[in-house]
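Those protein sequence lines, which keep their order, are chains U and P.
Letter 34 of the first sequence, counting from 1, is numbered 371 in this note's numbering, and no numbers are missing.
Letter 209 of the second sequence, counting from 1, is numbered 546 in this note's numbering, and no numbers are missing.
There are 2 protein chains.
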Amino acid sequence: MEKLEYFQALIQQKLEGFCRKNGEERILQPVNYILQLGGKRVRPMLTLLAADAFTDELEPAVYPAIALEIFHNFTLMHDDIMDNAPLRRGQPTVHEKWNRDVAILSGDAMLIQAYQLIIKTRSECLPPVMQTFNTTALEVCQGQQLDMDFQDRTDVSAAEYIEMIRLKTSVLLGGAMKIGAIIGGATEEDQKHLYDFAIALGISFQLWDDYLDTYGDGLKTGKQVGGDILANKKTLLSIKALEHASAEERDLIVGAASYISNDDKIARVKEVYAKYGVAEFIKTTAGDYHRTALEKLDALSIAAPKKEGILQLVDQLKERTH
Amino acid sequence: MEKLEYFQALIQQKLEGFCRKNGEERILQPVNYILQLGGKRVRPMLTLLAADAFTDELEPAVYPAIALEIFHNFTLMHDDIMDNAPLRRGQPTVHEKWNRDVAILSGDAMLIQAYQLIIKTRSECLPPVMQTFNTTALEVCQGQQLDMDFQDRTDVSAAEYIEMIRLKTSVLLGGAMKIGAIIGGATEEDQKHLYDFAIALGISFQLWDDYLDTYGDGLKTGKQVGGDILANKKTLLSIKALEHASAEERDLIVGAASYISNDDKIARVKEVYAKYGVAEFIKTTAGDYHRTALEKLDALSIAAPKKEGILQLVDQLKERTH
């Protein structure tokens, strides 16, 4: 566990240095603000762990790791505008605290700052690192586009939904690990194993998130149980139920039917879910992805102790969400 | 003139290839749309001319040149949201034709695509090219921030205004030339001369634009003469007049006074301008920057014929705007 703590401290220190350097520059205040809201810093952790698996020379991976955290927060800043979200980690979102234009422009600046950091590595790594980062970044935007498109559709398939979460959340985890692996000097095969590991892990975690929103322990997840149901949100649960639902059940799920109380609606939707074995389906699917992830990690040509840190991070994340 | 035409054709061909490759991808439709609205392609022209001044091997400069045009159009897409602009080159802006969220997200994708193109050059040039591009991009955002800040202020100084246009428009011209020079193999001194040339040129052109909006020939500029005055826009003209204006004159300029007709307001503001010699001041200032630009070009350690293309482009731009 010591290694993970050391990496966390290193990331925190570098992020603080980054914010300090941004100083009082007006356009960068929202950048500092959103970074200081906290977060688990999963993406830079993955970059450092991936590099660490192949080299003892971590220094060239540190700024690219930070770049991935900056990029992630840039997407949050712009997504929050598009989602009209009032809060982020319990605090006002940037477009609420300042305004829409500030959130657009500071987000743009933040994306550029991610590029300023991603290039702070060994120059011979620059072409593959840049290529991976660019591809990943564009895919994340495509994922957000799909997510928005899905809001207006009632015929989204399970496969389409999984492809959306792969793009919107998993490729950035994959990109983070691949970039660490490239900088660490991994073979292309090992780069791919780590990328595939993170993709599968990301999908499995996202599906678990969906499951726990309906079936989890609210005290543990910190969310209102049934929140997705009340918001008529598209998740693998509702999508799977819609595949089989009657017209009446469909109305209930998509929010076209009236109901007595929130508890009533949640209970009735859960009945529909139970009828079609939706909970089992999502647990099985998430489990499959989790297993795939571990297989990919297993295939990696590094000694077992080097995989330890990665497995510990997986456990930590499970601890917090499962 | 042949060289300029060849460069223009090359840029057009590469831009068309870029749009073709974007194909029908939903998030990239607005990217293709804004690019196909046209434009003088000044920034990629500057990149190619700068590279051409130092090498016969233009190929490694072509995609970075395109990257600068993509970046420029990305800023237009996002600025149009912030400015609530309904039209761009006479056509609906992206946020009007689609919606706000599309303009944000496709703009983000466009910025990432600029990075995909800027790295398509000789790998040994990558670090300085990336650094120049990043610095430039961030400064352009800072310029937009200043421009927005100035809307709410009545005490903007001439120096502040010029600093704003330097950031908002000139540094991208400077960056375009510097990147071309780097790829062409110029010394750092020559890179700086070209950068400084483009900065001074950009400021002089912007000031001329401001001048012509009030004193130009509407038929030639294609704009309504006095448009800036009617919009109470901050330009070097109004800023300079405000330095000396009485309370009554100030109200007229900032739009707090009533007036009989548009022509009446334009005439009265022009009287104030005349009283304080504002037209002369802006002409002198623009002329000074233009002279500085030519001196920087003169200082360049290349043979005169190599400077010809650059001077021809300057003349072309003057032709269209002066």
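Just so you know, even glycine gets a beta-carbon here, dropped at the ideal spot from N, CA and C.
- Residue range 525-552 is occupied by the alpha helix (DSSP H) that includes aspartate 550 of chain U.
- Counting the other CB atoms within 10 Å of its CB gives aspartate 417 of chain P a total of 16 or more, which places it among the buried residues.
- Contact annotation, alanine 578 of chain U with isoleucine 590 of chain U: C-beta distance approximately 6 Å; criterion of less than 8 Å satisfied.
- For leucine 372 of chain U, DSSP assigns no beta-bridge partner whatsoever.
- Judged by pairs of C-beta atoms under 8 Å, the segment 501-515 of chain P touches the segment 474-492 of chain P, as three or more such pairs exist.
- Closer than 8 Å at the C-beta level to chain U, one finds these residues of the segment 343-370 of chain P: Glu362, Arg363, Ile364.
- When CB distances to chain U are screened at a threshold of 9 Å, the residues of the segment 399-412 of chain P falling below it are Phe411, Thr412, in chain order.
- Within chain U, Ile456, Ser460, Leu463, Pro464, Met467 have C-beta atoms less than 9 Å from the C-beta of leucine 463 of chain P, given in sequence order.
- Boundaries of the alpha helix (DSSP H) around threonine 384 of chain P: 379-389.
- Interface with chain P (8 Å Cβ-Cβ cutoff): isoleucine 449 of chain U is included.
- A residue is called buried once 16 or more other Cβ atoms fall within 10 Å of its Cβ, and glycine 624 of chain U, having fewer, is exposed.
- Among the bridge pairs identified by DSSP, leucine 424 of chain U is matched with U:Pro429.
- Around leucine 413 of chain U, the same chain offers Ile371, Arg425 as residues with beta carbons nearer than 7 Å, after the five sequence neighbours per side are excluded.
- Rounded to whole angstroms, the gap between the alpha carbons of tyrosine 613 of chain U and histidine 581 of chain U is 7 Å.
- Glycine 563 of chain U carries a coil assignment under DSSP once its states are collapsed to helix, strand and coil.
- The C-beta of glutamine 479 of chain U comes closer than 8 Å to at least one C-beta of chain P.
- The C-beta distance from valine 477 of chain U to isoleucine 519 of chain U rounds to 19 Å, too long to fall under 8 Å, and the pair is not in contact.
- Sequence-distant Cβ neighbours of glycine 521 of chain P in its own chain, meaning closer than 6 Å and more than five residues away, are Ala388, Phe391, Thr392.
- Spanning the alpha carbons of alanine 404 of chain P and histidine 409 of chain U requires a straight line of approximately 23 Å.
- Under the 8 Å Cβ criterion, the segment 429-444 of chain P counts as touching the segment 357-377 of chain P, having at least three qualifying pairs.
- When CB distances to chain U are screened at a threshold of 7 Å, not a single residue of the segment 500-522 of chain P falls below it.
- Runs of the alpha helix (DSSP H) lying entirely within the segment 570-595 of chain P, each at least 4 residues long, are 573-581, 584-591 in chain order.
- Nearest Cα to leucine 347 of chain P within the set P:Tyr400, P:Leu509, P:Glu617: P:Tyr400.
- Burial is judged here by how many other beta carbons sit within 10 angstroms of a residue's own beta carbon; leucine 386 of chain P has at least 16 and is buried.
- By the 16-neighbour rule on beta-carbons within 10 angstroms, glutamine 488 of chain U is exposed.
- Between arginine 380 of chain U and alanine 513 of chain U, the C-beta gap is smaller than 8 Å, which places the two residues in contact.
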